[in-house]
Every structure is written in C-alpha cells, then in structure tokens.
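Q: I have a structure here, written as structure tokens, and I will follow up with some questions on it.
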Amino acid sequence: MRYWVLGLLFATIVGAGSGWIGANRSVSGRANFTESFSPAQGNWFFSDTVGSPASSALERARVAVSGPLALSSTETIYFLTMSDAQGRALNSSCVYQVGGGEIDTRWWSITIYDARSGEYIPNEDNRASWNSVAIPRDENGQWQFTISSERPSGLWLAAQSTPDEPFELLLRLYNPSGETRAAALELNLPVVERLSC
Amino acid sequence: MLRASQFILPICCLSVAAASWYTATAVVVYAVPRQVMDTIENRIMVRAGGWNQCRHNREYGPQFGTVARANPDSIVTSMAYDVRTGPVRISGITWPAYWSLSLYQHNSDNYFTLNDQQLEAPQFDIAIVQAGYEGGPIEGARIVESPSDTGIMLIRRFVSTEDELEAVIANQDQMDCGPVADQSP
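So the protein sequences, as listed, match chains A and W. Numbers in our numbering are just positions in the first sequence, counted from 1, shifted up by 10. Numbers in our numbering are just positions in the second sequence, counted from 1, shifted up by 1207.
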C-alpha cells in the first residue's frame, strides 16, 4: 500500500510539473509565437487566425503572450519576419535595406520590434515604423528604407544600439482587398536585404 | 518469472503521470490568455479612472510599456468594460483615414470589429451588453452581446503623421463612453 501511495504521488507531481513547465515554455517565446504563422513569400510568415475565435487554444495563449489585442483577419492581416531575404536572422550588428511597392490594401505599416521583448526599440527619432501614407516613393511607386543601429542617409528605422540583438519586422495590412486576402501567401511582400555586417 | 501483477503499479503510475501532464497543460493553455487579459483590463481600468470609462492615448508615435507588438501608427482609445451591472455605451464620430472599433472577450478573442467603411454615416453608437440581454433596444445604439462579463474595447485611428494629432484629440473629445444608466436623461 505504501508503494502505491508514493508511486502515484510521484507520478502526479512529475506529470503535472512537466506539463506545467512544458506548457509555459510552449506558449511563451519568440519561436513558439511564429509556430502560429505559415510561410509566405520572402521569408515572411502569415497568420489567418491571430486574434480570431477560430484560433486553437494553444495559438490563443501564444498570441495573448506575444501580441495581444490583435485584429482578426477579416479586418487586418499580419506578416512577420525575423530573417532577411536569404534566411539569415535579423541582427542589430548588420545593416539592412527594406524595399517594396504597392500593396492592394487600404493602408499598411511596417514596424520594427525587439525580438526578445516584443517592445519598440528606443531611438532618437522616436520612430518604430513606416506607413503607406508617410513613406516617400520614387516615380515607379517603389519605396525603401534602411535598418541599422547608426543613422544612415535617407529613411531609417533604428535597430538596437547593442550589437548582436535580434529584431523582427511586422507588416500589417488594414482592410486588404478581397484579392489580397485570398492570395496572402503569394503576395509580393517587402524585401529585406542585408547590406553589411 | 515475472507476474502480471508486478506491472500494475508502473502502468497505473504512467497513466496518472500522463493524465496529470495533460491536465496541467490544459490548465496553463486555458489560463494564460485570461491572465493576460486580467492584466490589460486592470491597467486600462486604472488609467481610465474606472471600469467602463474611455482612456484616450493623446501622443503620437511609439509608446513604451503598453502591450507587446503594439502598432505605433494607430492612436487608440481603450476601455475595460464590465457589463454585469448593465449595458455600456460608446458613441462618437469616426476618423476618415481609418477607424475601427474592436471588442475582445475575456479569453482574448476579437469577437467583434466595425470599421468606418462599414458605417453609412460617420457617427457610431454601440452598446455592449451581457450575453442573453433582455433589456430591449437602446435608442440609437447598435447592441453587441459580449460573450464574457468583462473585456476590452479598442478604437484605432490611423494617423500617418504627427500633424494630425490635434484633430485626433478633437475627435476623441467628441466621444461619449460609459454605462447606459449614467447617460440616460
């Protein structure tokens, strides 16, 4: 009888403890957040269920931790990237050029976040994003800006001033057209090119 | 020679461990969104001065210490609502560049969204009520049942440059937020 009590107690503690720790690890962290996203063009990831009642319990928990109060995809679609066009992790020690063209949506914005915290990156311009109205375009409707830890010439988003810090970009499309929403995984999205490290 | 009865205890222990693991996982996955919403609801409630009160962000650009991965291009009005004591009403004028009103239930799901292009006029008037509400129509307001007693209301306005801030603040000042009982003549 004693062995039974001890054995079942031990099994309960080990099972519950490992479940508790594993579940907490599973819902938190950058890598787990992106598991709710599907690969789209150019190393961007797309989610159709962020913020939606259709999301699974695990997705809901991950989004609640990493990006709460998102809009469902009927209103806004989200693309996330943590790597450049060649698949290399975005890093504050490098300089990147981000460029693109028109997207068939009411408006869009592209925002840089510290990938560890999901917070904005402090900078002297107090700027964390460019949007489709404010960003200047060339005669062909193309736009581009630089991401670097030090201010370059031209348009800029600041990476962390500390070297080797990971960051990520989040592209939001508000009120996308029906065609854009239907073709989300095939859209031509902004290209993130690493210029130097 | 091993007897079948020698396997009973290990099998029972493994079964109990698996059941405990599954239960703990389910509890965490269930509880995490609600804990996050508790935190955000309380933060909004404190900053707004109470439940069912609007809190207007009146600054342009990134605001530190809000929620993870917030959008710096939206100027937001927020409310933590509690419909247990009656309907809560939000009304005002939309914002032309982009305006949306979204409601989040206590498990963090975005269960309702309305944008300016879905309205026939720039005026909006929404009453959030408890699930199963039987209090009848609220004159002039669109009634939305909240799946949970508490939740969050967010209004997003797209503001492309800081030059628009003054107009956004004027737009915020045209809003009325609060329990319907407090707004009755």
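By construction, the Cβ of each residue, glycine as well, lies at the ideal position given by its N, Cα and C atoms.
Since residue 104/A is in the alpha helix (DSSP H), which residue starts that stretch and which ends it?
A: Here residue 104/A corresponds to residue number 94 of the first sequence, with the count starting at 1. From DSSP, residue 104/A is part of no alpha helix (DSSP H); its letter is neither H nor E.
Q: Hey, how far is the Cα of residue 1220/W from the Cα of residue 140/A?
A: The residue labelled residue 1220/W in the question sits at position 13 within the second sequence. The residue labelled residue 140/A in the question sits at position 130 within the first sequence. Answer to the nearest angstrom: the Cα atoms are 57 Å apart.
Q: How would you list, in chain order, the residues of chain W whose beta-carbon sits under 7 Å from the beta-carbon of residue 146/A?
A: Locating residue 146/A in the first sequence gives position 136, counting from the first residue. Neighbours of residue 146/A on chain W: none; closest Cβ ~12 Å, over 7 Å.
Q: May I have the straight-line CA-CA distance separating residue 1228/W from residue 14/A, to the nearest angstrom?
A: For the purposes of this step, residue 1228/W is taken as residue 21 along the second sequence, with counting starting at 1. For the purposes of this step, residue 14/A is taken as residue 4 along the first sequence, with counting starting at 1. Their backbone Cα atoms lie some 19 Å apart in a straight line.
Q: What does a CB cutoff of less than 7 Å around residue 1392/W pick up in its chain, not counting 5 residues either side in sequence?
A: Sequence index remark: in the second sequence, residue 1392/W carries index 185 (1-based). Low per-residue confidence applies at residue 1392/W: pLDDT is 49, beneath 50, and the placement is therefore not dependable, though the value from the model is reported in the following sentence. Answer for residue 1392/W: no residue qualifies.
Q: Mapping the DSSP letters down to three states, classify residue 1372/W as helix, strand or coil.
A: For this step, residue 1372/W is matched to residue 165 along the second sequence. Helix.
Q: So the candidates are 181/A, 179/A, 38/A, 158/A; which of them puts its Cα closest to the Cα of residue 104/A?
A: On the first sequence, residue 104/A is found 94 positions in, with the first residue counted as 1. With distances taken between Cα atoms, residue 104/A lies closest to 158/A.
Q: Could you tell me if residue 8/A is buried or exposed, where buried requires 16 or more neighbouring beta carbons within 10 angstroms of its beta carbon?
A: Here chain A covers residues 11 to 207 and nothing more, so residue 8/A does not appear.
Q: At which residues does the alpha helix (DSSP H) containing residue 1237/W begin and terminate?
A: Reading the second sequence from its first residue, position 30 is the one you call residue 1237/W. Unbroken alpha helix (DSSP H) run through residue 1237/W: 1215-1255.
Q: Express the C-alpha separation of residue 1370/W and residue 52/A in angstroms, rounding to a whole number.
A: Within the first sequence, the letter at position 42 stands for residue 52/A. Within the second sequence, the letter at position 163 stands for residue 1370/W. Taking the straight line joining both Cα atoms gives about 34 Å.
Q: Within a Cβ cutoff of 7 Å, which residues of the same chain sit near residue 207/A, ignoring the five residues on either side of it in sequence?
A: Taking the first sequence and counting its residues from 1, the one referred to as residue 207/A is at position 197. Hits under 7 Å: 103, 104.
Q: Any C-beta of chain A sitting closer than 7 Å to the C-beta of residue 1231/W?
A: Translated into positions along the second sequence, residue 1231/W becomes position 24. For residue 1231/W, the answer is yes, since a Cβ of chain A falls inside 7 Å of its Cβ.
Q: Using a C-beta to C-beta distance shorter than 8 Å, which residues of chain A count as neighbours of residue 1220/W?
A: Here the question's residue 1220/W lines up with position 13 in the second sequence. Going along chain A in sequence order, the residues near residue 1220/W (Cβ under 8 Å) are 17, 18, 20, 21.
Q: Using the Cβ count rule (16 or more neighbours within 10 Å means buried), how would you classify residue 19/A?
A: Taking the first sequence and counting its residues from 1, the one referred to as residue 19/A is at position 9. Residue 19/A should be labelled exposed.
Q: Sorted by chain position, which residues of the same chain lie with C-beta nearer than 8 Å to residue 1274/W's C-beta, five sequence neighbours on each side aside?
A: Looking up residue 1274/W in the second sequence gives position 67. Hits under 8 Å: 1247.
Q: Spell out a yes or no on whether the segment 25-34 of chain A and the segment 57-65 of chain A are touching, meaning 3 or more CB-CB pairs, one atom from each, closer than 8 Å.
A: Touching, no, given that fewer than three Cβ pairs across the two stretches are closer than 8 Å.
Q: Going residue by residue through the segment 64-106 of chain A, where are the continuous alpha helix (DSSP H) segments of at least 4 residues, counting only ones entirely within it?
A: Runs of the alpha helix (DSSP H) inside the segment 64-106 of chain A: 67-76.
Q: Enumerated in chain order, which unbroken segments of the beta strand (DSSP E) with a length of 3 residues or greater are wholly contained in the segment 1260-1316 of chain W?
A: Those beta strand (DSSP E) runs which fall completely within the segment 1260-1316 of chain W and span 3+ residues are 1261-1263, 1281-1289, 1295-1300, 1306-1312.
Q: Using a Cβ-Cβ cut-off of 6 Å (strictly less than) and excluding sequence neighbours within five positions of residue 181/A, which residues of its own chain qualify?
A: Counted from its first residue, the first sequence places residue 181/A at position 171. Answer for residue 181/A: 89, 120, listed in chain order.
Q: Do you know how far the Cα of residue 73/A is from the Cα of residue 213/A?
A: Nothing can be reported for residue 213/A, as the shown portion of chain A is limited to 11 through 207.
Q: Do residue 91/A and residue 197/A come within 7 Å of each other at the CB atom, strictly closer than that value?
A: Translated into the one-based positions of the first sequence, residue 197/A becomes position 187. Translated into the one-based positions of the first sequence, residue 91/A becomes position 81. In this structure, residue 91/A does not lie closer than 7 Å to residue 197/A by Cβ.
Q: Give me the Cα-Cα distance between residue 111/A and residue 22/A, rounded to the nearest whole angstrom.
A: Counting from 1 along the first sequence, the entry for residue 111/A is found at position 101. Counting from 1 along the first sequence, the entry for residue 22/A is found at position 12. Cα-Cα distance, rounded: 57 Å.
Q: Does any CB atom of chain A fall closer than 7 Å to the CB of residue 1216/W?
A: Residue 1216/W sits at position 9 when you count from the first residue of the second sequence. By this cut-off, residue 1216/W is an interface position.
Q: One question on the structure: do residue 1217/W and residue 138/A come within less than 7 Å of each other, judged by their Cβ atoms?
A: Walking along the second sequence from the start, residue 1217/W turns up at place 10. Walking along the first sequence from the start, residue 138/A turns up at place 128. Not in contact: residue 1217/W and residue 138/A (Cβ atoms no closer than 7 Å).
Q: Would you check if the segment 1305-1322 of chain W and the segment 142-158 of chain A touch, i.e. whether three or more CB-CB distances between them fall below 8 Å?
A: Contact fails: fewer than three Cβ-Cβ distances are below 8 Å.
Q: What is the DSSP secondary structure of residue 1392/W, counted as helix, strand or coil?
A: Locating residue 1392/W in the second sequence gives position 185, where the first residue counts as 1. Reliability of the predicted coordinates at residue 1392/W is poor, the pLDDT of 49 falling under 50, and the value obtained from them is presented with this limitation in mind. Note: residue 1392/W maps to coil in three-state DSSP.
Q: Is DSSP giving residue 150/A helix, strand or coil here?
A: Counting from one through the first sequence, the residue named residue 150/A turns up at place 140. If DSSP states are grouped into helix, strand and coil, residue 150/A belongs with coil.
Q: Name the chain A residues whose beta carbon is nearer than 9 Å to that of residue 1324/W?
A: Sequence index remark: in the second sequence, residue 1324/W carries index 117 (1-based). Those within 9 Å of residue 1324/W in chain A are 116, 185.
Q: What residues from the segment 52-71 of chain A come within 8 Å of chain W, judged by C-beta to C-beta, listed N to C?
A: Per Cβ criterion, the list reads 61, 62, 63, 65, 67, 68, 70, 71.
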